[in-house]
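J.: Here the protein sequences line up with chains X and L, keeping their order.
The opening position of the first sequence corresponds to residue 1102 in the working numbering, with each subsequent residue numbered one higher.
The opening position of the second sequence corresponds to residue 1348 in the working numbering, with each subsequent residue numbered one higher.
Structure incoming, see below.
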Amino acid sequence: VDLPNEALAHVARLARLKLTDDELARLGADIRGILTLFDRLEEGDGDASQQLPPTAVGAPRPDETAPPEGVADILANVPRVEAGRIRVERGG
Amino acid sequence: MSVADDALERALRRLGDDPWNAFVSVDAEGARARARRAEGPLAGLVLSVKDNLAVRGQRMTCASRFLADYVAPYTATAVARAEAAGAVVLGKTNMDEFACGSSGESSAFGPTRNPADLERVPGGSSSGAGASVAAGVVDVAMGSDTGGSVRAPGSFCGVAALKPSPGALSRHGLADLAMSLESPAPMAASVDLVRRLLLATAGADPFDPSTRAFAFAPDDGRPLRVGIVREFVEAAEPDVAARVRDAAAALRDAGHVVEDASMPGAGDGLATYYLINYAEFSSAMQRYDGTRYGPRGARGAEDARACLGPEVKRRILLGTYVTSREGRGRWYARALRSRARIASAFARAFRDHDVLVGPTMPFRAFRLGERVSDPRALYAADVLTVNANLAGVPAGTVPLRVPGLPVGLQVLGPAAHDLRVLRVMEDVERLSGVRA
């Protein structure tokens, strides 16, 4: 499977994973091996949309507003809080 | 002391210092308080909860350093219903990190050990759930099953387990791995306890729309047409295959009609499953970006995600790749078409057979560390369990009475026929014997 480490490094950036050179080499070898397993799948034809089992088809609950619950619990789990708000890092 | 108090104290004594590493956290004092007021059909039963299911006020780590300090602000529906029915939660069980594994070795808190042999894996990803039951610490466990995650530990540890039909159990409060494939899933020392936990926790939940239209099909108790799946038996080691044929013969003696069955497309299940798992997992993991979840003080996604384990990183990378513009047509679309073919093959098989049976795992529990460096060898262990998740049908495992390490028989039924599957498991348990 043609997936050189440079291409995998690009995928890692998309996935927001920072990998060391060692990790990239090791995971790259694993991933190229794993991808060969998938070559056995035929192209086939038919519907390629996501299938949900028929028993799992339901309806959403009513769209009703309610006061927020557990704000303190949520903030207690957040990595960085400033002045009672979630600190969001600038996207890179 | 009430029945629940007695049961809890027995569980705590049996747990001791947890030589199986089955638990990530134990809440003995909280459990004692809950035991004092436990009432209902599950009163007197001690329950363990896999650490990817939320229990309000308790840590929920998914066995990852990423969530090492996370405390759940609410309780998962499946757990809340078990507690309302009188079960007492003892603690949260170890698992493969974010449920990525089938051996129980990828936890950030160390591998779980198999109570049948401490040098062997218990199976995963619900490794601590299976070990906590097999070791006799708890009566019942709530795990989850995405591609075999309660059936693998059920088979390797020698306990009963059921992956329910999709829609039977609410996924509210379950940290998802692959939303189209998974469900909370009960495990127990007997099939009857699995059924009791299932029935106490199933039912429509406004927080999971997939449960809204679900109802179990009634089981009329008539003798059944049991198909023994040739491809599943042939994929197992000869000793395991022989035990499965013995169990099928016992079902014939019990009055069922046992016939050969064939699933010619089942060999594609593993590749199909992993492609879909990677795609859904990498999508589900996007929320773990260091903003609302992540290690204390983490600065942004890359910083927070650095602590994820190698199998989690591998699956995120693979999922990102197979759903990228370059990979989508080549890999993901092919997997979705293959999934539709597998679902059709099961529908055809269930026209001729009321249930299908075969081995749960192709072999008995292997040694710790034996496969951990080769992801392809680890994935191969799932070859017999993933098809049920792809097809959306219920599948259970029941231990066979065999010398040496445990062997499980897998029973699969049409969607919503969970009660029929459990009846066949109970027949096997009665005929073949089970450690209860």
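All C-beta atoms in this analysis are idealised placements derived from N, C-alpha and C, irrespective of residue type, glycine included.
1. What does valine 1112/X reach in chain L if we use C-beta pairs closer than 8 Å?
2. Start and end of the beta strand (DSSP E) containing glutamate 1606/L?
3. Which of the residues in the region 1641-1661 of chain L, read from start to end, lie with their CB under 9 Å from any CB of chain X?
4. If we require 4 or more residues per run, which alpha helix (DSSP H) segments fall completely within the region 1432-1495 of chain L?
5. CB of aspartate 1443/L to nearest heavy atom of the ligand FAD: below 7 Å?
6. Assuming contact is defined by CB atoms lying nearer than 8 Å, are phenylalanine 1503/L and asparagine 1461/L in contact in what I supplied?
7. Looking at the secondary structure, which residues open and close the alpha helix (DSSP H) in which methionine 1534/L lies?
8. With a threshold of 8 Å between beta carbons, is arginine 1241/X in contact with chain L?
9. Nearest-angstrom Cα distance between proline 1585/L and alanine 1560/L?
10. How about glutamate 1144/X: is its C-beta nearer than 8 Å to some C-beta of chain L?
11. Please determine, among Ala1380/L, Arg1714/L, Met1407/L, the residue with the shortest C-alpha to C-alpha distance to serine 1450/L.
12. Should proline 1511/L go down as buried or exposed, given a rule of 16 or more other Cβ atoms within 10 Å for buried?
13. If we cut at 8 Å on Cβ distances, does valine 1194/X have a partner in chain L?
14. Would arginine 1341/L and proline 1180/X qualify as a contact pair, given that the criterion is a beta-carbon distance under 8 Å?
15. I want to verify the contact list: residues of chain L whose CB lies under 7 Å from the CB of aspartate 1174/X, in sequence order.
16. Give the single residue among Val1112/X, Arg1162/X, Ala1110/X, Asn1178/X whose Cα lies nearest to the Cα of aspartate 1552/L.
17. Are the CB atoms of valine 1604/L and arginine 1572/L within a distance shorter than 8 Å?
18. Whole beta strand (DSSP E) runs in the region 1508-1580 of chain L with 3 or more residues, listed along the chain?
19. Relative to the C-alpha of leucine 1752/L, which candidate in Ala1385/L, Val1396/L, Leu1359/L, Glu1466/L has its C-alpha closest?
20. Classify leucine 1664/L: buried if its beta carbon has 16 or more other beta carbons within 10 angstroms, exposed otherwise.
21. From valine 1288/L to valine 1396/L, what distance separates their C-alpha atoms?
22. By the DSSP assignment, the beta strand (DSSP E) with lysine 1397/L in it spans what residues?
23. Nearest chain X C-beta to threonine 1424/L closer than 8 Å, yes or no?
24. Taking buried to mean at least 16 other C-beta atoms within 10 Å of its own C-beta, is aspartate 1492/L buried or exposed?
25. To the nearest angstrom, how far is the alpha carbon of glycine 1520/L from that of alanine 1455/L?
26. Rounded to a whole number of angstroms, what is the C-alpha to C-alpha distance between glycine 1477/L and valine 1393/L?
27. Indicate the three-state DSSP secondary structure (helix, strand or coil) for arginine 1498/L in the structure shown.
28. Using 8 Å as the Cβ pair cut-off and three pairs as the minimum, do the region 1640-1657 of chain L and the region 1697-1714 of chain L touch?
29. Can you round the beta-carbon distance between alanine 1724/L and alanine 1499/L to whole angstroms, since I take them to be within the 8 Å contact cut?
30. Looking only at C-alpha atoms, which of Arg1748/L, Asn1399/L, Arg1428/L, Val1426/L sits nearest to alanine 1415/L?
31. Expressed to the nearest angstrom, what Euclidean distance is found between the alpha-carbon atoms of alanine 1508/L and aspartate 1774/L?
T.: According to the structure data:
1. The contacting residues are Leu1664, Thr1667, Tyr1668, Ser1671.
2. Looking at the DSSP string, the run of the beta strand (DSSP E) that includes glutamate 1606/L is 1604-1608.
3. Per Cβ criterion, the list reads Gly1641, Pro1642, Arg1643, Gly1644, Ala1645, Arg1646, Gly1647, Ala1648, Glu1649, Asp1650, Ala1651, Arg1652, Ala1653, Leu1655, Pro1657, Lys1660, Arg1661.
4. For secondary structure counted as the alpha helix (DSSP H) over 4 or more consecutive residues, the region 1432-1495 of chain L holds these complete runs in sequence order: 1474-1481.
5. The ligand FAD is absent from the structure shown, which contains no ligand whatsoever.
6. It is a contact, given that the beta carbons lie within the stated cut-off.
7. That residue, methionine 1534/L, is in no alpha helix (DSSP H); its beta strand (DSSP E) goes 1530-1535.
8. Since the first residue of chain X shown is 1102 and the last is 1193, residue 1241/X is not available in this structure.
9. Going from the Cα of proline 1585/L to the Cα of alanine 1560/L covers about 42 Å.
10. Interface residue, yes.
11. Closest in alpha carbon position to serine 1450/L, among Ala1380/L, Arg1714/L, Met1407/L, is Arg1714/L.
12. Buried, since its Cβ has 16 or more Cβ neighbours within 10 Å.
13. In the structure as shown, chain X begins at 1102 and stops at 1193. Residue 1194/X is therefore absent and cannot be evaluated.
14. This structure cannot settle anything about residue 1341/L, because the visible part of chain L is limited to 1348 through 1783.
15. Chain L residues near aspartate 1174/X: Pro1420.
16. Nearest option by C-alpha distance: Arg1162/X.
17. The Cβ atoms of arginine 1572/L and valine 1604/L lie closer than 8 Å to each other.
18. Listed in chain order, the complete beta strand (DSSP E) runs (minimum 3 residues) inside the region 1508-1580 of chain L are 1530-1535, 1572-1576.
19. With distances taken between Cα atoms, leucine 1752/L lies closest to Glu1466/L.
20. Leucine 1664/L should be labelled buried.
21. Nothing about residue 1288/L can be read from this structure; chain L reaches only from 1348 to 1783.
22. Here the beta strand (DSSP E) through lysine 1397/L covers 1393-1397.
23. No, its Cβ sits nowhere closer than 8 Å to a Cβ of chain X.
24. Burial call: buried.
25. Straight-line Cα distance between these residues: approximately 21 Å.
26. One C-alpha to the other measures close to 14 Å.
27. In this structure, arginine 1498/L counts as helix in the three-state DSSP scheme.
28. The count of Cβ pairs closer than 8 Å, one atom from the region 1640-1657 of chain L and one from the region 1697-1714 of chain L, stays below three, leaving the stretches out of contact.
29. No, alanine 1724/L and alanine 1499/L are not in contact; Cβ-Cβ is about 14 Å, not under 8 Å.
30. The shortest C-alpha separation from alanine 1415/L is found at Asn1399/L.
31. In a straight line, the C-alpha of alanine 1508/L is about 15 Å away from that of aspartate 1774/L.
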